[in-house]
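Below is one structure, written out as structure tokens; the observations come after it.
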Amino acid sequence: MYRSHVLVCGGTGCTSSGTPKILECLNEEINKAGLKNEVAVVQTGCHGLCALGPIVIVYPEATFYSMVKPEDVPEIVNEHLLKGRIVQRLVYDETKTEEGTVTSINETAFYKKQHRVALRNCGVINPENIDEYIATGGYEALGRVLTEYTPDQVIQMITDSGLRGRGGGGFPTGLKWKLARANEADQKYVCCNADEGDPGAFMDRSILEGDPHVVLEAMAIAGYAIGANQGYIYVRAEYPIAVKRLSIAIEQAREYGLLGKNIFGTGFDFDIELRLGAGAFVCGEETALMTSIEGNRGEPRPRPPFPAQKGLFGKPTLLNNVETYANIPQIILNGPEWFASMGTEKSKGTKVFALGGKINNTGLVEIPMGTTLREVVEEIGGGIPNGKKFKAAQTGGPSGGCIPAEHFDIPIDYDNLISIGSMMGSGGLIVMDEDNCMVDIAKFFLEFTVDESCGKCTPCRIGTKRLHEMLDKITQGQGTLEDIDKLEELCYYIKENSLCGLGQSAPNPVLSTIKYFRDEYVSHVVDKKCPAGVCKALLSYVIDPELCKGCTLCARICPNNAISGKVKEAHSIDQSKCVKCGACIEKCRFGAISKR
Amino acid sequence: METVNVKINGISIDVPKGSTILEAARLAHIEIPTLCYLKEINEIGACRICVVEVKGARSLVASCVYPVSDGMEIYTNTPKVLASRRKTLELILSNHDRKCLSCVRSGNCELQKLCRDLKVEDESTYDGLRTKYELDTSSAHMVRDNNKCILCRRCVAVCEKTQGVGVIGANERGFDTNIACAFDMGLGETSCVSCGQCIAVCPTGALYEKDNTDQVFAALNDPEKYVIVQTAPAVRAALGEEFGLPIGTNVQGKMVAALRRLGFDKVFDTDFAADLTIMEEANEFIDRVKNGGVLPLITSCSPGWIKYCEHYYPDLLDHLSSCKSPQQMFGAITKTYYAQKMGLDPKNIVMVSVMPCTAKKFEIGRDHQNAAGVPDVDIAITTRELARMIDRVGLNFLSLPDEEFDDPLGRSTGAAVIFGTTGGVMEAALRTAVETLTKEELPSPDFVEVRGTQGIKKATYHVAGMDINVAVASGLSNAKILMDEIRSGKANYHFIEIMGCPGGCVNGGGQPQQPGYVRNTVDIKALRAKALYDIDSSMTIRKSHENPAIKQLYDEFLGKPGSHKAHDILHTSYVKRTVNNY
Numbered sequence: 001m002y003r004s005h006v007l008v009c010g011g012t013g014c015t016s017s018g019t020p021k022i023l024e025c026l027n028e029e030i031n032k033a034g035l036k037n038e039v040a041v042v043q044t045g046c047h048g049l050c051a052l053g054p055i056v057i058v059y060p061e062a063t064f065y066s067m068v069k070p071e072d073v074p075e076i077v078n079e080h081l082l083k084g085r086i087v088q089r090l091v092y093d094e095t096k097t098e099e100g101t102v103t104s105i106n107e108t109a110f111y112k113k114q115h116r117v118a119l120r121n122c123g124v125i126n127p128e129n130i131d132e133y134i135a136t137g138g139y140e141a142l143g144r145v146l147t148e149y150t151p152d153q154v155i156q157m158i159t160d161s162g163l164r165g166r167g168g169g170g171f172p173t174g175l176k177w178k179l180a181r182a183n184e185a186d187q188k189y190v191c192c193n194a195d196e197g198d199p200g201a202f203m204d205r206s207i208l209e210g211d212p213h214v215v216l217e218a219m220a221i222a223g224y225a226i227g228a229n230q231g232y233i234y235v236r237a238e239y240p241i242a243v244k245r246l247s248i249a250i251e252q253a254r255e256y257g258l259l260g261k262n263i264f265g266t267g268f269d270f271d272i273e274l275r276l277g278a279g280a281f282v283c284g285e286e287t288a289l290m291t292s293i294e295g296n297r298g299e300p301r302p303r304p305p306f307p308a309q310k311g312l313f314g315k316p317t318l319l320n321n322v323e324t325y326a327n328i329p330q331i332i333l334n335g336p337e338w339f340a341s342m343g344t345e346k347s348k349g350t351k352v353f354a355l356g357g358k359i360n361n362t363g364l365v366e367i368p369m370g371t372t373l374r375e376v377v378e379e380i381g382g383g384i385p386n387g388k389k390f391k392a393a394q395t396g397g398p399s400g401g402c403i404p405a406e407h408f409d410i411p412i413d414y415d416n417l418i419s420i421g422s423m424m425g426s427g428g429l430i431v432m433d434e435d436n437c438m439v440d441i442a443k444f445f446l447e448f449t450v451d452e453s454c455g456k457c458t459p460c461r462i463g464t465k466r467l468h469e470m471l472d473k474i475t476q477g478q479g480t481l482e483d484i485d486k487l488e489e490l491c492y493y494i495k496e497n498s499l500c501g502l503g504q505s506a507p508n509p510v511l512s513t514i515k516y517f518r519d520e521y522v523s524h525v526v527d528k529k530c531p532a533g534v535c536k537a538l539l540s541y542v543i544d545p546e547l548c549k550g551c552t553l554c555a556r557i558c559p560n561n562a563i564s565g566k567v568k569e570a571h572s573i574d575q576s577k578c579v580k581c582g583a584c585i586e587k588c589r590f591g592a593i594s595k596r
Numbered sequence: 001m002e003t004v005n006v007k008i009n010g011i012s013i014d015v016p017k018g019s020t021i022l023e024a025a026r027l028a029h030i031e032i033p034t035l036c037y038l039k040e041i042n043e044i045g046a047c048r049i050c051v052v053e054v055k056g057a058r059s060l061v062a063s064c065v066y067p068v069s070d071g072m073e074i075y076t077n078t079p080k081v082l083a084s085r086r087k088t089l090e091l092i093l094s095n096h097d098r099k100c101l102s103c104v105r106s107g108n109c110e111l112q113k114l115c116r117d118l119k120v121e122d123e124s125t126y127d128g129l130r131t132k133y134e135l136d137t138s139s140a141h142m143v144r145d146n147n148k149c150i151l152c153r154r155c156v157a158v159c160e161k162t163q164g165v166g167v168i169g170a171n172e173r174g175f176d177t178n179i180a181c182a183f184d185m186g187l188g189e190t191s192c193v194s195c196g197q198c199i200a201v202c203p204t205g206a207l208y209e210k211d212n213t214d215q216v217f218a219a220l221n222d223p224e225k226y227v228i229v230q231t232a233p234a235v236r237a238a239l240g241e242e243f244g245l246p247i248g249t250n251v252q253g254k255m256v257a258a259l260r261r262l263g264f265d266k267v268f269d270t271d272f273a274a275d276l277t278i279m280e281e282a283n284e285f286i287d288r289v290k291n292g293g294v295l296p297l298i299t300s301c302s303p304g305w306i307k308y309c310e311h312y313y314p315d316l317l318d319h320l321s322s323c324k325s326p327q328q329m330f331g332a333i334t335k336t337y338y339a340q341k342m343g344l345d346p347k348n349i350v351m352v353s354v355m356p357c358t359a360k361k362f363e364i365g366r367d368h369q370n371a372a373g374v375p376d377v378d379i380a381i382t383t384r385e386l387a388r389m390i391d392r393v394g395l396n397f398l399s400l401p402d403e404e405f406d407d408p409l410g411r412s413t414g415a416a417v418i419f420g421t422t423g424g425v426m427e428a429a430l431r432t433a434v435e436t437l438t439k440e441e442l443p444s445p446d447f448v449e450v451r452g453t454q455g456i457k458k459a460t461y462h463v464a465g466m467d468i469n470v471a472v473a474s475g476l477s478n479a480k481i482l483m484d485e486i487r488s489g490k491a492n493y494h495f496i497e498i499m500g501c502p503g504g505c506v507n508g509g510g511q512p513q514q515p516g517y518v519r520n521t522v523d524i525k526a527l528r529a530k531a532l533y534d535i536d537s538s539m540t541i542r543k544s545h546e547n548p549a550i551k552q553l554y555d556e557f558l559g560k561p562g563s564h565k566a567h568d569i570l571h572t573s574y575v576k577r578t579v580n581n582y
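So the sequence lines, in the order shown, correspond to chains V and L. Per UniProt numbering, residue 1 is the first one in the first sequence, and the count goes up by one each step. Per UniProt numbering, residue 1 is the first one in the second sequence, and the count goes up by one each step.
This is how it looks when you write it as structure tokens:
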């Protein structure tokens with residue numbers, strides 16, 4: 001027994017900002033202080049508040065230290081662990097009280113409205129230790145399923161819970177399992193889609209890094225339910241920490257007999273293998289994913305046949321996403337009614353979102369379905385930096401769309417998001433403020449799909465390229481009103497004609513920005529102006545001679561020598577040389593330079 | 001047969017369960033246009049030309065791969081469908097090298113036809129960045145021009161599935177996707193077998209044989225040269241298609257007339273050398289059976305098959321007959337026996353062959369194919385190239401008279417002409433081998449068990465007190481099955497015929513290209529094969545050993561089959577090759 005536990009976040013964000021060094025220092029200092037047998041250091045998964053990483057939490061007080069640097073470690077050890085004095089300067093502001101104590105992190109705005117089901121163990125347990133998972137109820141659901149329920153009962157529970165696929169489409173999970181069970185075959189497979197590829201999304205990564213066993217347990221349950229004895233996890237090679245922890249977890253589960261032959265002595269066999277994806281976005285599409293597992297170039301194939309009929313290696317296959325699986329053991333343990341009590345009428349449970357963009361608390365949040373966008377942005381996300389105004393939120397990544405301010409109070413669920421031209425997607429949520437140009441945003445996402453199109457079908461291979469070219473033309477100020485119509489027409493064509501979900505949804509960012517921000521498109525093509533001041537070709541930087549003091553700072557900072565003027569005389573910018581980098585605006589102390 | 005009821009454009013129809021919408025529509029007399037689709041070979045739904053509306057479906061569906069279900073309502077020509085197909089074409093054209101006027105496929109390009117059918121009015125609607133590719137001219141037989149490739153992947157599928165070779169595939173992705181070899185190797189650096197099946201299925205001018213027609217014209221116009229042409233059996237069964245005749249029309253007479261009018265000094269028939277091949281190969285077979293040689297003996301007429309065997313089964317090269325192919329035997333005899341007989345200097349003879357085959361262009365450059373110290377064959381052109389030559393000089397092919405081949409190397413038997421179809425070499429060899437072994441005349445020269453277009457055929461014949469097990473394979477993926485049996489020691493065949501192309505030479509990579517919608521609905525190889533069997537059955541001499549010109553050749557020059565001289569002139573050797581260069 002230890003008198004104190006120090007939890008250090010080992011998620012990717014915190015790891016890249018210093019966790020390994022902090023762990024090294026912690027162990028060293030604790031040794032030095034002679035606390036080795038009193039204090040345990042635990043590397044956990046992601047806590048969610050990535051903006052404040054690296055995060056260190058000291059129990060039993062639950063002191064939440066943020067932005068910890070290795071050089072802070074001796075102070076934490078000597079003050080907090082040795083003398084019991086909280087290091088106030090490192091404590092997360094929101095948990096400080098006037099009395100100099102700390103409140104629970106769960107009382108902060110960021111965590112208060114969250115409800116962690118899929119992320120239950122993330123940031124709580126050591127993901128590399130199966131005992132910690134078991135100590136929090138891990139593998140109990142698998143045990144119950146194998147010993148108390150028939151496969152049909154398991155499927156009924158999942159169906160009753162109302163769980164829908166968390167990978168994007170929102171297909172009812174119970175139904176998917178039922179279809180996979182219904183197809184007789186000598187061999188079936190259970191696959192896990194861990195090929196999270198939306199820009200800015202890291203929900204699945206955090207679960208894999210913070211709680212890998214939950215996925216293994218859920219896949220074994222699924223295997224029992226549909227009659228499969230082999231599972232594959234298709235995980236991106238760009239997630240090295242997730243891959244490492246999954247490998248450890250599979251090893252440990254095999255060692256404990258929780259994977260392999262005759263699990264729990266029930267005669268049920270189930271094993272799991274990892275397959276690493278090479279980073280193609282399209283491999284998140286289910287048929288492309290299976291094609292890739294089979295060892296071929298990751299390209300989608302026509303459906304039907306659906307995976308439940310003819311999937312991996314031509315056999316009936318169940319494919320769910322990481323977050324979907326992460327909900328399964330909890331549904332079994334707490335009952336489907338418990339799960340269905342959360343969320344909205346048609347979207348039950350919670351959803352994990354990766355908050356990014358123009359928002360204070362970038363990070364990972366899990367909220368009950370039905371939480372409004374306003375609550376997510378203003379309360380949980382801590383609002384928009386620098387007092388800027390909310391313009392839109394982008395959900396669903398390159399397949400989704402933009403939600404404008406007029407829908408700020410919409411309760412987030414599958415059907416609501418689709419009704420306003422966006423989609424849940426896997427859970428990326430990017431906030432945009434008044435400084436974001438919506439044409440530029442659409443272009444950004446199209447650039448992504450152009451890069452990630454597999455090239456198999458014509459509409460996606462060539463159509464998305466042409467969409468991107470048209471958007472580029474508009475941002476260059478060379479578009480016409482007819483181009484906007486042509487753009488829309490091509491968008492609808494690509495949606496209708498593409499082979500797979502990637503192409504069918506690729507035009508969504510364009511269509512939703514045209515729908516809600518048509519005036520911005522019109523400004524670009526008619527007025528030849530970018531209202532947000534983003535599109536460089538439509539901008540010019542000018543110096544107001546009235547305000548310019550002739551300090552020469554701008555002329556010296558200009559990387560292309562575009563600014564000239566004598567000392568103490570008004571300067572001017574040579575537009576032919578200006579590269580519109582904005583360095584001069586930032587440096588001018590007199591507010592004399594502006595974008596037009 | 002279990003059926004389902006569907007409504008196509010409002011008309012109710014019962015169709016077999018499991019049909020695709022494309023097949024169902026065909027039963028309703030509607031031919032939905034396709035581009036990438038090749039039945040059982042390339043069913044990938046990639047090009048999206050065949051899209052249709054299905055009531056209740058979220059988007060348009062690709063009819064080539066979408067199965068019908070009971071009660072399905074399908075609309076094949078709504079404004080949305082037609083506009084979508086047109087837009088797909090406009091997008092393809094936006095990244096297509098539109099040099100249609102100088103394109104080898106001008107006039108029989110499937111993309112061109114679709115653009116006309118679907119009323120594409122402006123090929124530049126979606127113009128933007130266009131990918132530019134260097135031509136791949138690294139192989140002996142063909143050119144890949146990816147600037148004209150529309151990424152239908154028919155070539156990829158036929159190379160991998162039908163031929164089991166798989167040296168081409170998609171490289172890069174998205175807009176930069178292109179069909180090429182692994183690591184951007186040139187085709188000539190890979191274990192490509194030169195079969196040309198990729199060309200046969202290409203809908204556009206992206207793949208074509210290396211055109212040697214200018215060299216032929218140059219030779220014909222060179223007064224120093226004595227230009228002799230030989231034509232393979234399968235050419236006469238397909239050449240007419242280039243001039244609008246039905247598939248399977250025998251145009252031997254008009255072909256001979258055309259060649260003569262093109263200016264060849266002699267118009268001979270490869271069939272003569274086919275008979276010669278039988279003499280040598282039957283002798284080799286009997287020798288191996290009697291003297292415990294390596295069995296099964298496998299035929300060596302098909303240069304695509306030979307190259308395949310060298311790359312993929314170099315350990316089994318001893319099974320190959322050492323006989324040169326009929327093309328090469330013909331060249332060798334022309335430049336030795338015939339040159340001597342006619343007092344010609346072999347150096348001044350230009351031996352041109354017209355072949356249904358692209359691998360023949362590779363074969364003429366092989367080692368040990370120069371019996372007279374000069375290449376046995378100088379120029380090998382395809383059936384398609386011959387058609388282009390006929391067009392170029394303005395011959396009205398259809399009104400030409402039927403003419404006969406020249407003597408003596410134009411004389412052949414029914415056994416020779418069936419060389420052009422799968423099973424034909426086997427049947428021809430059996431006609432001679434059985435009579436040689438039994439020393440009795442066959443009651444009938446027909447060995448029907450080895451006929452037909454199926455990929456693998458097997459039969460056992462009781463001959464002179466022993467059971468002779470034979471097998472016939474066409475298409476290299478079928479060859480692979482037999483070769484794996486031999487390699488594993490499970491096979492007990494004595495004699496195997498293998499042809500590189502499915503169906504044999506009638507379906508060779510150098511034959512007229514039939515568009516996808518024909519290939520998907522008509523068994524081209526069966527129709528062309530029938531033309532050859534009809535010729536065979538109409539001939540009075542149907543056994544190679546009864547060909548008087550062959551007898552004369554052995555009497556005057558070679559001695560007997562398998563003689564030292566025959567070996568020097570008519571036999572060759574093989575090389576062990578590796579699979580690709582890595």
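All C-beta atoms in this analysis are idealised placements derived from N, C-alpha and C, irrespective of residue type, glycine included.
- Task: Note down, in chain order, every chain L residue with its Cβ under 7 Å from the Cβ of residue 450 of chain V.
- Result: Sequence index remark: in the first sequence, residue 450 of chain V carries index 450 (1-based). Chain L residues near residue 450 of chain V: 174 and 175.
- Is the beta carbon of residue 540 of chain V less than 9 Å from the beta carbon of residue 596 of chain V? Numbered from 1 along the first sequence, position 540 holds the residue referred to as residue 540 of chain V. Numbered from 1 along the first sequence, position 596 holds the residue referred to as residue 596 of chain V. It is a contact, given that the beta carbons lie within the stated cut-off.
- Message: Can you pull the chain V neighbours of residue 48 of chain L, defined as C-beta to C-beta under 9 Å?
- Response: One-based indexing of the second sequence puts residue 48 of chain L at position 48. Those are 457, 458, 459, 497, 498 and 499, listed as they occur along chain V.
- Task: Return yes when the Cβ of residue 493 of chain L is within less than 9 Å of the Cβ of residue 458 of chain L, no when it is not.
- Result: Within the second sequence, numbered from 1, the residue matching residue 458 of chain L stands at position 458. Within the second sequence, numbered from 1, the residue matching residue 493 of chain L stands at position 493. In contact: residue 458 of chain L and residue 493 of chain L (Cβ atoms closer than 9 Å).
- What separation, rounded to the nearest whole angstrom, lies between the Cα atoms of residue 114 of chain V and residue 417 of chain V? One-based indexing of the first sequence puts residue 114 of chain V at position 114. One-based indexing of the first sequence puts residue 417 of chain V at position 417. Distance between the alpha carbons of residue 114 of chain V and residue 417 of chain V is about 20 Å.
- Message: Since residue 22 of chain L and residue 32 of chain L should fall inside the 8 Å C-beta cutoff, what is the C-beta to C-beta distance between them, to a whole number of angstroms?
- Response: Indexing the second sequence from 1 puts residue 22 of chain L at position 22. Indexing the second sequence from 1 puts residue 32 of chain L at position 32. Right, the Cβ-Cβ distance comes to about 5 Å (below 8 Å), so this counts as a contact.
- Which class does residue 571 of chain L belong to by DSSP, given the choice of helix, strand or coil? Against the second sequence, residue 571 of chain L aligns to sequence position 571. Of the three classes helix, strand and coil, the one that applies to residue 571 of chain L here is strand, per DSSP.
- Item | CB of residue 421 of chain L within 9 Å of CB of residue 234 of chain L, strictly | In the second sequence, the residue the question calls residue 421 of chain L occupies position 421. In the second sequence, the residue the question calls residue 234 of chain L occupies position 234. Their beta carbons are under 9 Å apart, which means residue 421 of chain L touches residue 234 of chain L by this criterion.
- Message: Residues of the region 101-130 of chain L in Cβ contact with chain V at a cutoff of 8 Å, in chain order, please.
- Response: 126, 128 and 129
- Item | Residue-level contact to chain L via CB, residue 311 of chain V, 9 Å cutoff | Stepping through the first sequence from its first residue, residue 311 of chain V is reached at position 311. With 9 Å as the cut-off, residue 311 of chain V does not count as an interface residue toward chain L.
- Message: Would the region 111-126 of chain L count as touching the region 83-102 of chain L if we require 3 or more Cβ pairs under 8 Å?
- Response: yes
- For a contact meaning CB atoms closer than 8 Å, what does residue 454 of chain V contact in chain L? By 1-based counting over the first sequence, the position of residue 454 of chain V is 454. Near residue 454 of chain V (Cβ distances below 8 Å), the residues of chain L are 173, 174 and 177.
- Task: Give the secondary structure of residue 114 of chain L by DSSP, where H, G and I count as helix, E and B as strand, and everything else as coil.
- Result: The residue you call residue 114 of chain L lines up with position 114 of the second sequence. It is helical.
- Query: In the region 256-303 of chain L, which residue ranges form an unbroken beta strand (DSSP E) of at least 3 residues, counting only runs that do not cross its ends?
  - Reply: 266-269
- Look at the alpha carbon of residue 99 of chain L and the alpha carbon of residue 357 of chain V, and state the distance between them as a whole number of angstroms. By one-based count along the second sequence, residue 99 of chain L stands at place 99. By one-based count along the first sequence, residue 357 of chain V stands at place 357. Each residue's Cα considered, the two are about 48 Å apart.
- Determine the DSSP secondary structure at residue 7 of chain L, reduced to helix, strand or coil. Residue numbering aside, residue 7 of chain L sits at position 7 when the second sequence is read from its first letter. Three-state result, residue 7 of chain L: strand.
- Compute the Euclidean distance between the alpha carbons of residue 506 of chain V and residue 189 of chain L, then round it to the nearest angstrom. The count along the first sequence starts at 1 and reaches residue 506 of chain V at position 506. The count along the second sequence starts at 1 and reaches residue 189 of chain L at position 189. Roughly 39 Å separates the two Cα atoms.
- How long is the line joining the alpha carbons of residue 118 of chain V and residue 188 of chain V, rounded to whole angstroms? Counting from 1 along the first sequence, the entry for residue 118 of chain V is found at position 118. Counting from 1 along the first sequence, the entry for residue 188 of chain V is found at position 188. C-alpha separation (whole angstroms): 26 Å.
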